[in-house]
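> Pasting in a structure now, in structure tokens, and then I'll have a few things to ask.
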Amino acid sequence: MHILGISCFYHDAAAVLLEDGMLVAAAEEERFTRQKHDFSFPRHAIEFCLKQAGIRGEDLDYAVFYEKPLLKFERILMTCLAGFPRTWSVFRESMIAWFNEKLWIKNHILDRLGISPEKLLFVEHHLSHAASAFFCSPYEEAAILTCDGVGEWTTAALGQARADWDGTGRNQIELFREVKFPHSLGLLYSAFTAYLGFRVNNGEYKVMGMAAYGEPGYLDQVYSLIEVGDDGGFRLNMDYFSFHTSAQRTFNGRFVELFGPPRIRGAEFFTPKTHPDRDGARARENQRYADIAASIQHATEEALLKMARQAYERTGLKQLCAAGGVALNCVANGRILTETPFEDVYIQPAAGDSGGALGAALYAHHVLLGKPRRFILGHCFWGQEYSVDEMRAALDGQGFSYLWVEDEEQLTDVAVDALVEGKVVGWYNGRFEWGPRALGNRSILADPRRAEMKEVIARIKLRQPFLPFAPVVLEEQAGDYFDLCEPARHYPARYMLLVRQIHEDKRAVIPAVTHINGSGPMQTIRREWNPRYCRVVEKFREATGVPVLLNTSLNLRGEPIVNTPQNALDTFGRSGIDLLVMDRFVVTKDG
Numbered sequence: 007m008h009i010l011g012i013s014c015f016y017h018d019a020a021a022v023l024l025e026d027g028m029l030v031a032a033a034e035e036e037r038f039t040r041q042k043h044d045f046s047f048p049r050h051a052i053e054f055c056l057k058q059a060g061i062r063g064e065d066l067d068y069a070v071f072y073e074k075p076l077l078k079f080e081r082i083l084m085t086c087l088a089g090f091p092r093t094w095s096v097f098r099e100s101m102i103a104w105f106n107e108k109l110w111i112k113n114h115i116l117d118r119l120g121i122s123p124e125k126l127l128f129v130e131h132h133l134s135h136a137a138s139a140f141f142c143s144p145y146e147e148a149a150i151l152t153c154d155g156v157g158e159w160t161t162a163a164l165g166q167a168r169a170d171w172d173g174t175g176r177n178q179i180e181l182f183r184e185v186k187f188p189h190s191l192g193l194l195y196s197a198f199t200a201y202l203g204f205r206v207n208n209g210e211y212k213v214m215g216m217a218a219y220g221e222p223g224y225l226d227q228v229y230s231l232i233e234v235g236d237d238g239g240f241r242l243n244m245d246y247f248s249f250h251t252s253a254q255r256t257f258n259g260r261f262v263e264l265f266g267p268p269r270i271r272g273a274e275f276f277t278p279k280t281h282p283d284r285d286g287a288r289a290r291e292n293q294r295y296a297d298i299a300a301s302i303q304h305a306t307e308e309a310l311l312k313m314a315r316q317a318y319e320r321t322g323l324k325q326l327c328a329a330g331g332v333a334l335n336c337v338a339n340g341r342i343l344t345e346t347p348f349e350d351v352y353i354q355p356a357a358g359d360s361g362g363a364l365g366a367a368l369y370a371h372h373v374l375l376g377k378p379r380r381f382i383l384g385h386c387f388w389g390q391e392y393s394v395d396e397m398r399a400a401l402d403g404q405g406f407s408y409l410w411v412e413d414e415e416q417l418t419d420v421a422v423d424a425l426v427e428g429k430v431v432g433w434y435n436g437r438f439e440w441g442p443r444a445l446g447n448r449s450i451l452a453d454p455r456r457a458e459m460k461e462v463i464a465r466i467k468l469r470q471p472f473l474p475f476a477p478v479v480l481e482e483q484a485g486d487y488f489d490l491c492e493p494a495r496h497y498p499a500r501y502m503l504l505v506r507q508i509h510e511d512k513r514a515v516i517p518a519v520t521h522i523n524g525s526g527p528m529q530t531i532r533r534e535w536n537p538r539y540c541r542v543v544e545k546f547r548e549a550t551g552v553p554v555l556l557n558t559s560l561n562l563r564g565e566p567i568v569n570t571p572q573n574a575l576d577t578f579g580r581s582g583i584d585l586l587v588m589d590r591f592v593v594t595k596d597g
């Protein structure tokens, strides 16, 4: 049985394919179109998934969309009517988008795939999120927490799920508590993202990074915007927001009166803490922004902690599955793991809207069709890979010097020798990753012992240097460097979805991946997931005694992570990366 899952028309469009309940392929559309967070119909991602399985659209048993469009359309209409005439601009732009494309999603899918209407299913947005986490997890039962901007009406939900591994047909997900639009923790965080000078649905992780430079001294002001109950419920004070009445602005003048002038997008960020020699009006202003970032980050963490505790109280279960865009907040994930009764937390790597495609397909297979579970998502390498001939053709057309290294040990020696010498290595192998993180197949690697690598990599990627870089660590030694017990059981750490404190005696050892507050957004690896990538880290440990590398995504600022060999070579050529390892090709910029 083949089931195709689809998400699109908001942000991060994607497609996935299941074969008899097992994942075959999963990819975001942006990787093919090169438009970051591409929300258009995922034609290229669908074509890839079908090709990976060796089938055509008409061979599908079902296609499943990740939400119910008419319910979402109802919410937009009701909101616009309730706020008229202030909502006129939202109504106009929404109607253009919906009548041009979104209302006809059923016809889009049927026409593109060539399937009959009875093969097309729709699953509610937050059920798709819940299924994307639970039916990828190893658990028989789990509490559920989903949180994002908004689906149809729901913005956050708590629930409970149960899996059928033996064919008795008992797969189920129950959402017993839901928060409805306009009260949204995700949209609250996005309002601060815009206020702090970053792009909504793109720069939320930058707010999280900025928060480490500040203190939560604006909590009173933040809590005048949101009221959070001990039961995990919350309400926004809509007097400060405009996301429900404006197509361009998320916050209004009262918000600015409360917090002061917003930060200019792209402005240099430095504070008296980071640059004592540059203490002045701009540094103090940046410190205010950092304190505001710390305040919204802290309030978000506290809200999620209350939601998680309520989920535990209602279910009594020791396992939690979380999804939705807010589940990408890896600092909050770390606190949920350590400050709630849950012993295990599972978050799949594409926790945001793209992951809804996976959840929709899994929900259809297990709940709607009653099929028993067979699959656990243990790694993230579900995208497209390219042949040696395709790589060689791209290389021959680019003019770089390259060598083919047949021996695996020699290949990894070349990479490790370059890293130890202080060179920056592009690392391109196998199928690209599912989700927003580069986790070893489309990565840039560097020596974490060299503090200057923070600025070197920031210059290469054209990114702001205040953001942290991720440490990748051998799973069996993660506890030696990070505050994490039993690292093998913690799935979020595999996907760079968990921030942990680095032990104080190790911070000077790996300064390039130690954030200003002593933490790191870690990734754990083991040989069975990615042998070549793991071998590089193992050999770096053999050479230096340190089982850690700096890992960041192979792309430049404003671009999606690379997909094709040509993408990788373009990035290599336009950047300061010293060496590119592409499968067994070693590429240099010499002569």
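Residue 7 is where the sequence shown starts when you use this note's numbering, and the numbers rise one by one after that.
Virtual Cβ for every residue (Gly too), placed ideally from N, Cα, C.
1. Assign F247 to one of two classes, buried (16 or more other C-beta atoms within 10 Å of its C-beta) or exposed (fewer than that).
2. Here's the rule: buried if 16 or more other CB atoms are within 10 angstroms of the residue's CB, otherwise exposed. What is W171?
3. Kindly indicate which three-state DSSP category N447 falls into: helix, strand or coil?
4. Looking at V479: is its Cβ nearer than 8 Å to the Cβ of P553?
5. Helix, strand or coil, according to DSSP, for G209 in the structure here?
6. Assign C336 to one of three DSSP states: helix, strand, or coil.
7. List the whole-angstrom C-beta distance separating A338 from E307, where the pair is believed to meet the contact cut-off of C-beta under 8 Å.
8. Between the Cα of A314 and the Cα atoms of Y195, T161, K377, L151, which residue gives the shortest distance?
9. Work out the CA separation of F438 and A574 for me, nearest whole Å.
10. Can you grab the Cα-Cα spacing for the pair L24 / G165, in whole Å?
11. If you follow the beta strand (DSSP E) that S190 is in, where does it begin and where does it stop?
12. Just to confirm, are H8 and G362 a CB contact at a threshold of 8 Å?
13. How close, in whole Å, do the beta carbons of R284 and L311 come, if the pair is a contact with beta carbons under 8 Å?
14. Just tell me which of D117, A296, K112, Y145 has its CA closest to the CA of Y201.
15. Consult DSSP for G526 and reduce its assignment to one of helix, strand or coil.
16. Looking at E36: is its Cβ nearer than 8 Å to the Cβ of P566?
17. Would you call the segment 272-281 and the segment 235-243 touching, i.e. three or more CB-CB distances under 8 Å?
18. Whole angstroms is fine: what's the gap from V411's alpha carbon to P477's?
19. Beta carbon of A464, beta carbon of P517: below 8 Å?
20. Nearest by alpha-carbon distance to S196: which of G286, L133, A299 is it?
21. Where does N536 sit, in a helix, a strand or coil, going by DSSP?
22. So N536 packs on G446, CB below 8 Å; how close in whole Å?
23. Check for me: the alpha helix (DSSP H) holding R315 runs from which residue to which?
24. Given a cut-off of 8 Å, decide if S559 and I450 are closer than it, judged by their beta-carbon atoms.
25. Distance check for A139 and S190, CA to CA, integer angstroms please.
26. Please look up how many angstroms separate the CB atoms of A103 and S360, rounded, as I've assumed it's under 8 Å.
27. Taking one C-beta from the segment 403-421 and one from the segment 53-67 each time, how about it: are there three or more such pairs within less than 8 Å?
28. Quick check: what's the CA-CA separation for E291 versus P222?
29. Three or more C-beta pairs closer than 8 Å, one from the segment 518-531 and one from the segment 392-411: is that the case here?
30. Taking N561 as the reference, which of L374, E130, G405, S581 has the closest Cα?
31. By Cβ distance below 7 Å, which residues in the same chain neighbour V515 in space, the five residues on each side in sequence not counted?
32. Hey, could you find the ends of the beta strand (DSSP E) N557 is sitting in?
33. Using CA atoms only, rank isn't needed, just tell me which of T321, Y318, A305, F265 is closest to R294.
34. If the criterion is Cβ atoms closer than 8 Å, does the pair Y392 and A137 meet it?
35. Could you check if S122 is buried or exposed, using at least 16 other CB atoms within 10 Å of its CB as the buried criterion?
36. By Cβ distance below 6 Å, which residues in the same chain neighbour V54 in space, the five residues on each side in sequence not counted?
This is what the structure holds:
1. Counting from 1 along the sequence shown, the entry for residue 247 is found at position 241. Here F247 is buried, its C-beta having at least 16 other C-beta atoms within 10 Å.
2. As a first step, residue 171 must be located in the sequence shown, where it is residue number 165. Burial call: exposed.
3. Numbered from 1 along the sequence shown, position 441 holds the residue referred to as residue 447. Assignment of N447 by DSSP, reduced to helix, strand and coil, places it in the coil class.
4. Here residue 479 refers to the residue found at position 473 when the sequence shown is read from its first residue. Here residue 553 refers to the residue found at position 547 when the sequence shown is read from its first residue. Pairing V479 with P553 gives a Cβ-Cβ distance under 8 Å.
5. In the sequence shown, residue 209 corresponds to position 203, counting from 1. Under the three-state reduction of DSSP, G209 is assigned to coil, being neither helix nor strand.
6. Indexing the sequence shown from 1 puts residue 336 at position 330. C336 falls in the helix class under three-state DSSP.
7. Within the sequence shown, numbered from 1, the residue matching residue 338 stands at position 332. Within the sequence shown, numbered from 1, the residue matching residue 307 stands at position 301. The distance from the Cβ of A338 to that of E307 is about 5 Å, consistent with a contact at the 8 Å cut-off.
8. Along the sequence shown, read from residue 1 onward, the residue named residue 314 stands at position 308. Distances from the CA of A314 to each of Y195, T161, K377, L151 were compared; the closest alpha carbon is that of L151.
9. Indexing the sequence shown from 1 puts residue 574 at position 568. Indexing the sequence shown from 1 puts residue 438 at position 432. Approximately 12 Å, taken between the alpha carbons.
10. Indexing the sequence shown from 1 puts residue 24 at position 18. Indexing the sequence shown from 1 puts residue 165 at position 159. Annotation: L24 to G165 spans about 25 Å, alpha carbon to alpha carbon.
11. What you label residue 190 is simply residue 184 of the sequence shown in a count that begins at 1. S190 -> no beta strand (DSSP E), and no H or E assigned at all.
12. Looking up residue 8 in the sequence shown gives position 2. Looking up residue 362 in the sequence shown gives position 356. Inclusion of H8 and G362 in the CB contact set at 8 Å is not warranted, their separation being larger than that value.
13. Against the sequence shown, residue 284 aligns to sequence position 278. Against the sequence shown, residue 311 aligns to sequence position 305. Wrong, their Cβ atoms sit about 36 Å apart, outside the cutoff.
14. Counting from one through the sequence shown, the residue named residue 201 turns up at place 195. Comparing Cα-Cα distances from Y201 to each of D117, A296, K112, Y145, the minimum goes to A296.
15. For this step, residue 526 is matched to residue 520 along the sequence shown. G526 falls in the strand class under three-state DSSP.
16. As a position in the sequence shown, residue 36 is number 30, starting the count at 1. As a position in the sequence shown, residue 566 is number 560, starting the count at 1. Contact flag set, yes.
17. The segment 272-281 vs the segment 235-243: no contact.
18. Here residue 411 refers to the residue found at position 405 of the sequence shown. Here residue 477 refers to the residue found at position 471 of the sequence shown. Between the C-alpha atoms of V411 and P477 there is a straight-line separation of about 27 Å.
19. On the sequence shown, position 458 is the one that residue 464 refers to. On the sequence shown, position 511 is the one that residue 517 refers to. No; because the gap between Cβ atoms is not below 8 Å, this pair is not in contact.
20. The residue you call residue 196 lines up with position 190 of the sequence shown. Of G286, L133, A299, the smallest CA-CA separation from S196 is found for A299.
21. Here residue 536 is taken as the residue at index 530 of the sequence shown, counted from 1. DSSP places N536 in the coil class of the three-state scheme, outside both helix and strand.
22. Residue 536 sits at position 530 when you count from the first residue of the sequence shown. Residue 446 sits at position 440 when you count from the first residue of the sequence shown. About 5 Å; that satisfies the 8 Å criterion.
23. Along the sequence shown, one-based indexing puts residue 315 at 309. First-last of the alpha helix (DSSP H) with R315: 287-321.
24. Sequence index remark: in the sequence shown, residue 450 carries index 444 (1-based). Sequence index remark: in the sequence shown, residue 559 carries index 553 (1-based). Annotated as proximal: I450 and S559, with beta-carbon spacing under 8 Å.
25. By one-based count along the sequence shown, residue 190 stands at place 184. By one-based count along the sequence shown, residue 139 stands at place 133. If you draw a straight line from the Cα of S190 to the Cα of A139, it is about 20 Å long.
26. The count along the sequence shown starts at 1 and reaches residue 103 at position 97. The count along the sequence shown starts at 1 and reaches residue 360 at position 354. Contact doesn't hold; Cβ gap of about 19 Å is too wide.
27. No, the segment 403-421 does not touch the segment 53-67.
28. In the sequence shown, residue 291 corresponds to position 285, counting from 1. In the sequence shown, residue 222 corresponds to position 216, counting from 1. Taking the straight line from one Cα to the other gives about 15 Å.
29. The segment 518-531, when compared against the segment 392-411, does not touch it at the 8 Å Cβ threshold.
30. By 1-based counting over the sequence shown, the position of residue 561 is 555. Check the Cα spacing between N561 and each of L374, E130, G405, S581: the tightest is with S581.
31. On the sequence shown, position 509 is the one that residue 515 refers to. When the five nearest sequence neighbours on each side are left out, the beta carbons in the same chain lying within less than 7 Å of the beta carbon of V515 are those of R455, V552, in order along the chain.
32. The residue given as residue 557 occupies position 551 in the sequence shown. Its beta strand (DSSP E) spans residues 554-559.
33. In the sequence shown, residue 294 corresponds to position 288, counting from 1. Per the C-alpha coordinates, the member of T321, Y318, A305, F265 positioned closest to R294 is F265.
34. Position 386 of the sequence shown, counting from 1, holds the residue named residue 392. Position 131 of the sequence shown, counting from 1, holds the residue named residue 137. No, the pair does not count as a contact, with Cβ atoms beyond the cut-off.
35. What you label residue 122 is simply residue 116 of the sequence shown in a count that begins at 1. Exposed, by the Cβ-count rule.
36. Sequence index remark: in the sequence shown, residue 54 carries index 48 (1-based). Note on identity: in this sequence residue 54 is Phe, with Val being the wrong assignment. Its chain contains A33, Q390 as the residues whose beta carbon lies nearer than 6 Å to that of F54, once the 5 sequence neighbours on both sides are disregarded; these appear in chain order.
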